[in-house]
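Asker: Dumping the structure here so I can ask a few things about it.
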Amino acid sequence: MSSLKQTIIRGGLEGLYFSGAHVALKPFVGGIGAILTLHHVRPPRPDRFQPNRLLEVTPRFLTRVVNYLRRARIDLVGLDEMHRRLTERDFRRRFVCVTFDDGYRDTMQFAYPILKAAGVPFAIYVPTSFPDRLGELWWLVLEAVIARNDSIGLEIAGRNRNFDCATVADKRALFDELYWWLRARPTEAEMRGIIRNLAACYHVDVAAFCEELCMTWPELAELAADPLVTIGAHTVSHPMLAKLAPEAARSEMDLSRSIIEAALSVRPQHLSYPIGDPTSAGPREFAIAAELGFKTAVTTRPGVLFRSHRRHLMALPRISLNGEYQKLRYVRVLLSGSATAMWNGFRRVEAA
Ligand SMILES: [Zn+2]
Numbered sequence: 186m187s188s189l190k191q192t193i194i195r196g197g198l199e200g201l202y203f204s205g206a207h208v209a210l211k212p213f214v215g216g217i218g219a220i221l222t223l224h225h226v227r228p229p230r231p232d233r234f235q236p237n238r239l240l241e242v243t244p245r246f247l248t249r250v251v252n253y254l255r256r257a258r259i260d261l262v263g264l265d266e267m268h269r270r271l272t273e274r275d276f277r278r279r280f281v282c283v284t285f286d287d288g289y290r291d292t293m294q295f296a297y298p299i300l301k302a303a304g305v306p307f308a309i310y311v312p313t314s315f316p317d318r319l320g321e322l323w324w325l326v327l328e329a330v331i332a333r334n335d336s337i338g339l340e341i342a343g344r345n346r347n348f349d350c351a352t353v354a355d356k357r358a359l360f361d362e363l364y365w366w367l368r369a370r371p372t373e374a375e376m377r378g379i380i381r382n383l384a385a386c387y388h389v390d391v392a393a394f395c396e397e398l399c400m401t402w403p404e405l406a407e408l409a410a411d412p413l414v415t416i417g418a419h420t421v422s423h424p425m426l427a428k429l430a431p432e433a434a435r436s437e438m439d440l441s442r443s444i445i446e447a448a449l450s451v452r453p454q455h456l457s458y459p460i461g462d463p464t465s466a467g468p469r470e471f472a473i474a475a476e477l478g479f480k481t482a483v484t485t486r487p488g489v490l491f492r493s494h495r496r497h498l499m500a501l502p503r504i505s506l507n508g509e510y511q512k513l514r515y516v517r518v519l520l521s522g523s524a525t526a527m528w529n530g531f532r533r534v535e536a537a
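With my numbering applied, the sequence shown corresponds to residues 186 to 537, in that order.
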């Protein structure tokens, strides 16, 4: 995300907070609860080039968020309980679900002790290729290629282009440009092909990221044994499902559930769509998830939950705890529903 866009979002969140508008709007846009999205939880790192920093918060920030939710008397519940409340229309108390995507080892190392001590249930959505050590964390490959080189050559639209990225500012700009260009490739296969080529040309070991950052099956089994933990599906190879052929999308969702069941003896009832924005998961994916019998499925479309989401259980929005906005007041504004109501033009359900 560009720094200008970040500045605008931060300005909006600050405005809603300090004007008090988030308090005034909350009864109308606050809904019944929310699902939080986290990726990494780990101590801050000093590097100036951290284009994926939005995906990580510090253990200290997570602690502050949990303490705030407890003080605010918001129920912290697991996904099964959220599903029960939605389907039985039990909206007496506000609730929040804590969810982690991707199954990073720092979930176990830093987040789990905090959540365990506070008795907070949480879910981990696991792409099975990550513990199988076949996953391609392509956004980290792109980061490594740019971090380790002063210039990069790439064929774009049949033309060889050369990009300078010697300075931190150049690296940030180039990451932004290439990240969104990759996300816009019409097929997942094309995008992965470009990443594999980049990794080969610039000597980045794709498999090493899985090994270093993601939990193994035995580590996941240890967490899965705790009643606080729900293991959810997050496909096999972590693709943008909407860019796959229908059978491939279906098998990514279905197979991941069988693989988790075989490895951990728990059959996931809940799904998270990788990437999770409208270009990755849309009505076709929602229909497949429903056919496959998942109880709920989450996107990364921003929003709190409303009563009407009981009719859209395969397209639930979430609120991301974003590493670029690690202030409690932003979390309060986001959970009030006011910021996302504005971003969504006050539409409650985004399932198209
Ligand atoms: Zn993911």
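A virtual CB, placed ideally from N, CA and C, is assigned to each residue, including glycine.
Taking the straight line between their C-alpha atoms, what separation do you get for R233 and K512?
Answerer: Taking the sequence shown and counting its residues from 1, one reaches residue 233 at position 48. Taking the sequence shown and counting its residues from 1, one reaches residue 512 at position 327. Whole-angstrom Cα-Cα distance: 20 Å.
Asker: Closest to Y458 by CA distance: which of G338, A434 and Q191 is it?
Answerer: For the purposes of this step, residue 458 is taken as residue 273 along the sequence shown, with counting starting at 1. Looking at the Cα atoms, A434 is the closest of the given residues.
Asker: Apply the 10 Å Cβ neighbour rule to H388 and answer buried if 16 or more other Cβ atoms are within range, or exposed otherwise.
Answerer: For the purposes of this step, residue 388 is taken as the residue at position 203 of the sequence shown. By the neighbour-count rule (16 or more Cβ atoms within 10 Å), H388 is not buried but exposed.
Asker: Given this structure, state the Cα-to-Cα distance separating V421 from E437, to the nearest angstrom.
Answerer: As a working note, residue 421 is residue 236 in the sequence shown. As a working note, residue 437 is residue 252 in the sequence shown. So the two alpha carbons sit approximately 5 Å from each other.
Asker: Who are the Cβ neighbours of V242 in its own chain at under 7 Å, not counting the five residues just before and after it?
Answerer: Working through the sequence shown from its first residue, we reach residue 242 at position 57. Excluding residues within five positions, the ones whose Cβ falls inside 7 Å are L223, V226, L506, G508 and Q511.
Asker: Could you compute how far the alpha carbon of W365 sits from the alpha carbon of W324?
Answerer: Indexing the sequence shown from 1 puts residue 365 at position 180. Indexing the sequence shown from 1 puts residue 324 at position 139. Their backbone Cα atoms lie some 11 Å apart in a straight line.
Asker: Please look up how many angstroms separate the CB atoms of F285 and F307, rounded, as I've assumed it's under 8 Å.
Answerer: Position 100 of the sequence shown, counted from the first residue, corresponds to residue 285. Position 122 of the sequence shown, counted from the first residue, corresponds to residue 307. Contact holds; Cβ gap of about 7 Å.
Asker: If you measure from each residue's Cβ to the nearest non-hydrogen atom of ligand 1, which ones come out under 6 Å, in chain order?
Answerer: Per the Cβ criterion, the list is D286, D287, H419, H423 and P459.
Asker: Taking 6 Å as the limit between beta carbons, can you name the residues of its chain near F280, skipping five residues before and five after?
Answerer: Looking up residue 280 in the sequence shown gives position 95. Hits under 6 Å: G218, D260 and V262.
Asker: Fully enclosed by the segment 463–526, which beta strand (DSSP E) runs are 3 residues long or longer?
Answerer: Correct list: 481–487 and 501–505.
Asker: Which word fits E470, buried or exposed, when buried means at least 16 other C-beta atoms lie within 10 angstroms of its C-beta?
Answerer: Position 285 of the sequence shown holds residue 470. E470 comes out buried.
Asker: Report yes or no: do the segment 477–492 and the segment 517–537 share at least 3 C-beta pairs separated by less than 8 Å?
Answerer: Output reads yes: the segment 517–537 touches the segment 477–492.
Asker: Between which two residues does the alpha helix (DSSP H) holding Y387 run?
Answerer: Taking the sequence shown and counting its residues from 1, one reaches residue 387 at position 202. Taken as a continuous stretch (DSSP letters only), Y387 belongs to no alpha helix (DSSP H), as it is neither H nor E.
Asker: Alpha carbon to alpha carbon, how far is A466 from L426? Give it in angstroms, no decimals.
Answerer: Residue numbering aside, residue 426 sits at position 241 when the sequence shown is read from its first letter. Residue numbering aside, residue 466 sits at position 281 when the sequence shown is read from its first letter. Between L426 and A466, the C-alpha separation is close to 6 Å.
Asker: Considering L398, what are the terminal residues of the beta strand (DSSP E) in which it resides?
Answerer: Taking the first residue of the sequence shown as 1, we reach residue 398 at position 213. First-last for L398: V391 to L398, but that is the alpha helix (DSSP H), not the beta strand (DSSP E).
Asker: Rounding to the nearest angstrom, what Cα-Cα distance links L322 and E362 in this structure?
Answerer: In the sequence shown, residue 322 corresponds to position 137, counting from 1. In the sequence shown, residue 362 corresponds to position 177, counting from 1. Roughly 18 Å separates the two Cα atoms.
Asker: Can you tell me where the alpha helix (DSSP H) holding H268 begins and where it ends?
Answerer: On the sequence shown, residue 268 is found 83 positions in, with the first residue counted as 1. Run containing H268: L264 to T272, per the alpha helix (DSSP H) assignment.
Asker: Strictly by DSSP, which residues pair up with T222?
Answerer: If you number the sequence shown from 1, residue 222 lands on position 37. According to DSSP, T222 bridges with T284 and S505.
Asker: Taking the beta strand (DSSP E) that V344 falls in, what are its first and last residues?
Answerer: Counted from its first residue, the sequence shown places residue 344 at position 159. Note that residue 344 is Arg in the sequence shown, not Val. Run containing R344: R344 to D349, per the beta strand (DSSP E) assignment.
Asker: I need the DSSP call for G215, collapsed to helix, strand or coil.
Answerer: The residue you call residue 215 lines up with position 30 of the sequence shown. If DSSP states are grouped into helix, strand and coil, G215 belongs with coil.
Asker: Please determine, among M293, R517 and F491, the residue with the shortest C-alpha to C-alpha distance to A206.
Answerer: Position 21 of the sequence shown, counted from the first residue, corresponds to residue 206. That would be R517, whose Cα lies nearest to the Cα of A206.
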